[in-house]
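Let me begin by presenting the structure, written as structure tokens, before commenting on it.
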Amino acid sequence: MLLYLARLSVLRRRSQVVRQRSAKPPFVGSIPTGASMMLALRSIFFTLTIPGTVTVLIPYLILSGTGVGLPPVWTPLHLIGVVLTLAGGAILLQCIWDFAAKGRGTLAPVDPPKHLVVQGLFRYVRNPMYLGVLFLLLGESLFFRSTPMLEYTLAWLLAVNLVVLFYEEPVLRNRFGESYDRYAHAVHRWLPSLPD
Numbered sequence: 001m002l003l004y005l006a007r008l009s010v011l012r013r014r015s016q017v018v019r020q021r022s023a024k025p026p027f028v029g030s031i032p033t034g035a036s037m038m039l040a041l042r043s044i045f046f047t048l049t050i051p052g053t054v055t056v057l058i059p060y061l062i063l064s065g066t067g068v069g070l071p072p073v074w075t076p077l078h079l080i081g082v083v084l085t086l087a088g089g090a091i092l093l094q095c096i097w098d099f100a101a102k103g104r105g106t107l108a109p110v111d112p113p114k115h116l117v118v119q120g121l122f123r124y125v126r127n128p129m130y131l132g133v134l135f136l137l138l139g140e141s142l143f144f145r146s147t148p149m150l151e152y153t154l155a156w157l158l159a160v161n162l163v164v165l166f167y168e169e170p171v172l173r174n175r176f177g178e179s180y181d182r183y184a185h186a187v188h189r190w191l192p193s194l195p196d
């Protein structure tokens, strides 16, 4: 019996070593594998096309069409705009990273995360990525003191709210089931709060 238990213990240790050697390296802090590299490239592509369009291209078209340029003198309102823009950009990039590293997907609806992301900023609010974009757009509106930019920001916020309510949440509920329901019950949609 002792010989059998000793042999079983050796086999278990060997199988653990084999599993450790064959485990894929994680996305964070490792030499990228082919799949990780493709995920990184897709994340960069969708970041440039989706938030890049919303926060850079469209504001550029609005501002250049109204003749608004860089202010000659900065006021406290301009500084608030810069702070909001930088904070929004940091929030957005952190969420994109979490989607790739933890969810194994991108922010694009055609390539969504494979796993429900409830870590990082998603612990405090269900839509931190959209809040980051909102801060960015409000920051641009303040910095350039542009009413058309503010109108665009409000229209974008209304459209995003409708997308979240009528598309994203039903899709997430269908994809992740009860785990999404528990998450939605515990974490607010738009107002950040401390986790329970």
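Count the sequence shown with the numbering used here and you get residues 1 to 196, in order.
For each residue, glycine too, the CB sits at the ideal point set by N, CA and C.
All values derive from a computational prediction rather than experimental measurement.
Applying the criterion that 16 or more other CB atoms from any shown protein chain within 10 Å of the CB defines a buried residue, is residue 25 buried or exposed?
At residue 25 the pLDDT is 42, less than 50, meaning the model places this residue with poor confidence; the figure from the coordinates comes in the next sentence. Its Cβ having fewer than 16 others within 10 Å, residue 25 is exposed.
Restricting to Cα atoms, I'd like to know which of 104, 174, 193 and 155 is closest to residue 40.
104
How is residue 111 classed by DSSP in three states: helix, strand or coil?
coil
Could you compute how far the alpha carbon of residue 45 sits from the alpha carbon of residue 99?
14 Å
Residue-level contact to chain D via CB, residue 171, 8 Å cutoff
This model lacks chain D altogether, as it is built from one protein chain only.
Do residue 94 and residue 70 come within 8 Å of each other at the CB atom, strictly closer than that value?
no
Residue 197 lies in the alpha helix (DSSP H); which residues open and close that run?
Residue 197 lies beyond the stretch modelled for the chain, which goes from 1 to 196, so this question has no answer here.
Considering Cα atoms alone, identify which of 87, 33, 153 and 128 is closest to residue 58.
153
Hey, how far is the Cα of residue 119 from the Cα of residue 176?
15 Å
Figure out for me which residue from 36, 135, 114 and 80 has the closest Cα to the Cα of residue 156.
135
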